[in-house]
Structures are given as structure tokens and as C-alpha cells.
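Student: Have a look at this one before I ask anything.
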């Protein structure tokens, strides 16, 4: 998956460095906000999937967000403040309790999170952090199948072995079943979610 552009050199103001952030978007208007960001040339991401919806007697596959009211944006801290100050769209920061600043998402977490969703596997889930226990899961890399290359925690969820990719304590992407033969334990530290505050204006 493409990395978030890193922006200014380290010697420059770190507030100008491109990073991934998560925003809460109220009233299910995440697609409206994404359209606005696209229009001003700012990269954003909404995890999407095909869902079956029934309209009267007809069932259709609809391309829609996997999780509502959440949007990821790749920009600098300076630009993020400018965007929020210049629009009346319903967006809120998700704040980091320790830094008291908008939560920064590590590039590797976003890469693997996006890679899980990009498979368009119907068994992929995105769940709230409290709905899955990562503490006993080994840090692993998937070596085969549609999820090859993804790194996360190998866990049991609803009776199935899956790899979980956590975006701090904002959301966790779960693969479909991954057999043990496709699992390689790794020494790299896969960060468990850190506590963040509720979304704030």
C-alpha cells in the first residue's frame, strides 16, 4: 500500500510532517467530508466494502463504509488545524490522552489496516477495540493467501484464527480465517492500542 508522503525533512518543523490522523464525522457524513477533502487536494481514506441491502423485494450489493462516522486523513498538523478551522463540516479530532494532541497513526498500522480492507474479502470485519482481546495474540506476519505480507496479532475471534490489525484504540481490522501454515512469528513490536480520549472539537 502507498505510504503517507512524509513531507518536510526532519530538520524542519515537525508540525509540517505528513502523518495519518483519524477524524470522527457526525451524522454519517463521512463521504461528504471525503468529497470536500478530495476537492482541496488532501488525501483521505474511508474503509469500504460491498454489503447486501434489501429494497422492497430486491436485494442489491451496495458499496458503503465498513464503519460509519470515521475517516482517516493524511496531512500535516498545521494543515489539519487549517482544515478544521475553515469548514463547517461536522468533523472532530480523536485526541491522544498522553500528548493532548490529535492522535497520530503510525504508517505501518495504516498500511496493514488498508491492506486488510483492500482484499474485499466478505469475512473481513472492523470492530471496536473493546470487542476484541489482543493481549494474548502473537506478533505475526502472514506469508501466504490474500492477506500475505500483513502484520498484526494472531488471535481467536468467534472461534476462528484471524490476524488483527489495530489502529491504536480507534478501530481494529480482522482478516478472514488464516491457517497456521501461513503464519510466521516476528520479533517486531506490533503496538497494542493505546488509550485515547473521546473525539473532541
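In the numbering used here, the protein residues as written are 4 to 204. By construction, the Cβ of each residue, glycine as well, lies at the ideal position given by its N, Cα and C atoms. Predicted model only: the values in this text are computed from it and were never measured.
Quick one: using the 10 Å Cβ neighbour count with 16 as the cut-off for buried, is residue 125 buried or exposed?
Tutor: By the neighbour-count rule (16 or more Cβ atoms within 10 Å), residue 125 is not buried but exposed.
Student: Can you tell me whether DSSP reads residue 279 as helix, strand or coil?
Tutor: With the chain represented from 4 up to 204, any question about residue 279 goes unanswered, as that position is not in the structure.
Student: When we look at the beta-carbon of residue 163 and count the other beta-carbons within 10 Å, is it buried (16 or more) or exposed?
Tutor: It is exposed - the Cβ of residue 163 has fewer than 16 other Cβ atoms within 10 Å.
Student: Say whether the stretch 65-76 touches the stretch 22-31, bearing in mind that this needs 3 or more beta-carbon pairs closer than 8 Å, one atom from each stretch.
Tutor: Yes, the stretch 65-76 is in contact with the stretch 22-31.
Student: Quick check: the Cα distance between residue 107 and residue 184, rounded to an integer number of angstroms?
Tutor: Those two C-alpha atoms are separated by around 34 Å.
Student: State the CB to CB distance for the pair residue 178 and residue 127, rounded to an integer number of angstroms; the pair is presumed to be in contact (CB under 8 Å).
Tutor: Yes, they are in contact, since the Cβ atoms of residue 178 and residue 127 sit about 6 Å apart, within 8 Å.
Student: Please go through the same chain and pick out, in chain order, the residues whose beta-carbon is closer than 8 Å to the beta-carbon of residue 51, but skip the five residues on each side of it.
Tutor: These residues qualify, in order along the chain: 66, 67, 68, 69, 120.
Student: Output yes or no for whether 8 Å exceeds the beta carbon distance between residue 140 and residue 158.
Tutor: Against a cut-off of 8 Å, the Cβ pair of residue 158 and residue 140 comes out as a contact.
Student: Please return the same chain residues whose Cβ sits closer than 7 Å to the Cβ of residue 149, not counting the five positions on each side in sequence.
Tutor: These residues qualify, in order along the chain: 122, 124.
Student: Using only alpha-carbon positions, find the residue among 22, 165, 92, 55 that is nearest to residue 33.
Tutor: It is 92.
Student: Please classify residue 41 as buried or exposed, where buried requires at least 16 neighbouring CB atoms within 10 angstroms.
Tutor: Classification for residue 41: exposed.
Student: Three-state secondary structure (DSSP) at residue 116?
Tutor: Residue 116 falls in the helix class under three-state DSSP.
Student: Can you give me the Cβ contacts of residue 146 inside the same chain, cut-off strictly under 6 Å, excluding the 5 residues immediately before and after it?
Tutor: The answer, listed in chain order, is 185, 187.
Student: Give a yes or no on whether the C-beta atoms belonging to residue 213 and residue 117 are separated by under 8 Å.
Tutor: Because the chain spans 4 through 204 in this model, residue 213 falls outside it and cannot be assessed.
Student: Which one of 23, 189, 137, 182 has the shortest CA to CA distance from residue 81?
Tutor: It is 23.
Student: Contact defined as beta carbons within less than 8 Å: I believe residue 142 pairs with residue 189. What is the distance between those atoms, to the nearest angstrom?
Tutor: Contact holds; Cβ gap of about 5 Å.
Student: Within 10 angstroms of its Cβ, does residue 112 collect 16 or more other Cβ (buried), or is it exposed?
Tutor: Label assigned to residue 112: buried.
Student: With DSSP collapsed to three states, give me the class of residue 67.
Tutor: Of the three classes helix, strand and coil, the one that applies to residue 67 here is strand, per DSSP.
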